[in-house]
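Engineer: Below is a structure I'd like to ask you about.
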Amino acid sequence: MNDRKGLNRQLFWLYEGHGRAPFVFRWSLLLFDFLTICYFLWAPFETREGLLGVDYAIGVIIALDVAARFYIRRDKKKFWKRLTNWADIIVVITMFAPLFTANLSFLRVLRAVRAIRAFTFVRRAGLLWRFVTRHERVVDRVTNLVVFLFIMSSIVYVTQVRPNPDIHTFLDAFYFTISSLTTTGYGDVTLVGSGGRLLSIAIMVLGLSLFLRLLGALFTPSDKVDQECEACGLTRHDPDAVHCKHCGAVIHIQTAGST
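Just so it is clear: in the sequence shown, position 66 is 1199 by this note's numbering, and no numbers are missing.
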C-alpha cells in the first residue's frame, strides 16, 4: 500500500484496509447489497415510471463501486475474470436501459451473486471466526446454493411469466425451482415449451449436485480448515496446526484462540 498515492490509496484502504472507517464502509456495502437484492425481487417485471429514479440511483452506486474496484486492482486482467464483476456490469446496464427493461429486468437478480462477498468479508474481518472456521464448507455451499436458486428462479420467471399460466410472480418461479431441485415434483407448476423442459433439466442436474454437496458437508463435517501451504500447496490443515503435515513448513492459521 505504501506505493499507492492519492485517491488510489484512500480507496484501497477502504476496500482492503483495517480500521473503523473500512469496517463501516464494507458493512455499508453489504447492507446495500442486501437491500438491492430485496428490491430486485420485489420490483415488478415491468418497470414503472415511479421506480425509474430508484433504478438510476442504484445503477450509479453500483457503477461507482465497480469503477473503484477496477481502479485499485493492480492486475486489470484478473478483474475481468471474476463472475461478480461481470454480474455487476450487467446489472448497471439494465438499470440504465429503461427501453429494454421489460426484457432485461430479470438480469438484475444477478446482484445475488454478491452474496458470496458477504462470506469473504466475514472471514477477513474475523467476525464469527470460530463458527466460520468450524463450518466453512457448510457456509460456502449454502452461499453457492442460494445464489444458484435466485439466478435460476429469475431465468424461469422471465422466460415463463407470459406464456405460462402457472407462473405469475417470482415466488411461483422460486417455488418451481425448489420443487425441481429437491426432486419433489408436485406437478402443480410446470414449464412450457422445449426451452422450459431444457431449463427444468438444468435445474435438476446442476441444483441437485449443489444440494448433495451441501448435504455431504452437513453430515460429514470436517475438522480441517482451508489454509494453503506456501511450500507444497496442501490446502487443508488442522485448526491448531503450526506445521504442514505434508512438508513440515511453518503455516500461519488465523484463530481466535480458545477459552
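Ideal Cβ placement from N, Cα and C applies to all residues, glycine included. Given the structure is predicted, the values throughout are model-derived calculations rather than measurements.
1. Looking at the unbroken alpha helix (DSSP H) that takes in Glu1363, where does it start and where does it end?
2. Quickly, what does DSSP pair Val1193 with across the bridge? List them, please.
3. Helix, strand or coil: which one does DSSP assign to Val1294?
4. Can you tell me whether Asp1208 is buried or exposed? The criterion is at least 16 other CB atoms within 10 Å of its CB, across all chains shown.
5. Hey, would you say Tyr1189 sits closer than 8 Å to Phe1156, going by beta carbons?
6. If Cys1377 sits next to His1370, beta carbons under 8 Å apart, how far is it from one beta carbon to the other, in whole angstroms?
7. Measure the Cβ-Cβ separation of Ser1333 and Phe1307 and say whether it is below 8 Å.
8. When you compare only the Cα positions, how much space is there between Val1393 and Thr1310?
9. With respect to the alpha helix (DSSP H) encompassing Arg1142, which residues constitute its N-terminal and C-terminal limits?
10. Do Val1322 and Asp1305 have their C-beta atoms closer together than 8 Å?
11. Just to confirm my understanding: we take Ser1391, look at its own chain, exclude 5 residues before and 5 after, and list those with CB closer than 8 Å. What are they?
12. Tell me which residue opens and which closes the alpha helix (DSSP H) that Thr1317 is part of.
Structural biologist: On the basis of the coordinates in this document:
1. Following the DSSP letters along the chain, one finds Glu1363 in no alpha helix (DSSP H), marked with neither H nor E.
2. According to DSSP, which records beta bridges pairwise, Val1193 is partnered with nothing at all.
3. Three-state DSSP puts Val1294 in coil, outside helix and strand.
4. The residue is exposed, with fewer than 16 neighbouring Cβ atoms inside 10 Å.
5. Going by C-beta atoms, Tyr1189 is not nearer than 8 Å to Phe1156.
6. About 7 Å separates the beta carbons of Cys1377 and His1370, which is inside the 8 Å limit, making them a contact pair.
7. In terms of Cβ geometry, Ser1333 and Phe1307 do not form a close pair [threshold 8 Å].
8. No answer is possible for residue 1393: it lies beyond the span of the chain, which begins at 1134 and ends at 1392.
9. That run of the alpha helix (DSSP H) goes Gly1139 to Glu1149.
10. Yes, these two residues count as a Cβ contact at 8 Å.
11. Note on Ser1391: pLDDT 49, under 50, position unreliable in the model; the coordinate value appears next. Counting only Cβ-Cβ distances below 8 Å, and skipping sequence neighbours, we find nothing.
12. Taken as a continuous stretch (DSSP letters only), Thr1317 belongs to no alpha helix (DSSP H), as it is neither H nor E.
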